[in-house]
Amino acid sequence: MPPDADFEQFSAAFLKRFVKPADSAKARRELPLLRQEGQSVETYAATFNNMNNCITEVTAIDSTTLAVYVQQGLARRISSALVSSQTIATMQNLAVVMAIAEEIESKLDSSVKQAQVEVPAPGNPHSNKRGRFSNRGGGNPNPSFNNISANSRARARWW
């Protein structure tokens, strides 16, 4: 290899020399089936790239096909946002698709965190220390009052 070869050429030559053909064939078969499944987009992208780097037999898979594989493997919420927000030209570049998917995941996660509202436990919203006799209807906090049937309580409120 010439001394002025860049790192990509070196890594390709290294992998061709040291990756077993069976591992390369296995990576080629499994790459389209790889799914995000609860991982972050960053972890999924790293796994995808590692598997793609193992493919050394015959020819590498083109960037457009790899971008399609990544999109198919993303979680549905990220994939849907990705498809609806990008043009066809950007969807064909693997690096761009991965970067945009990470950005979308970040935005979706931050919006979910902002939307989460703390819901008080059933019973008195200020205290949950009364057990089964909690004040559920804003009525009398007296435990004996809570043992009365719903009909009796409704009539008692009208008095």
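The sequence shown maps to residues 1 to 159 in the working numbering. Note that beta-carbon positions come from the ideal geometry of N, C-alpha and C, so glycine has one too. As the structure is a computational prediction, the values presented were derived from the model and not from experiment.
Cβ-Cβ separation, E102 to E42 (assumed contact under 8 Å), whole Å: 6 Å
Range covered by the alpha helix (DSSP H) that runs through R28: Per DSSP, R28 belongs to the alpha helix (DSSP H) from 21 to 30.
Option nearest V96 by Cα separation, candidates K26, K20, L66: Nearest option by C-alpha distance: L66.
Classification of I88 by the beta-carbon crowding that lies within 10 angstroms, buried from 16 upward: exposed
K26 to S63 span [Cα, whole Å]: 19 Å
C-alpha gap between L108 and D23, whole angstroms: 36 Å
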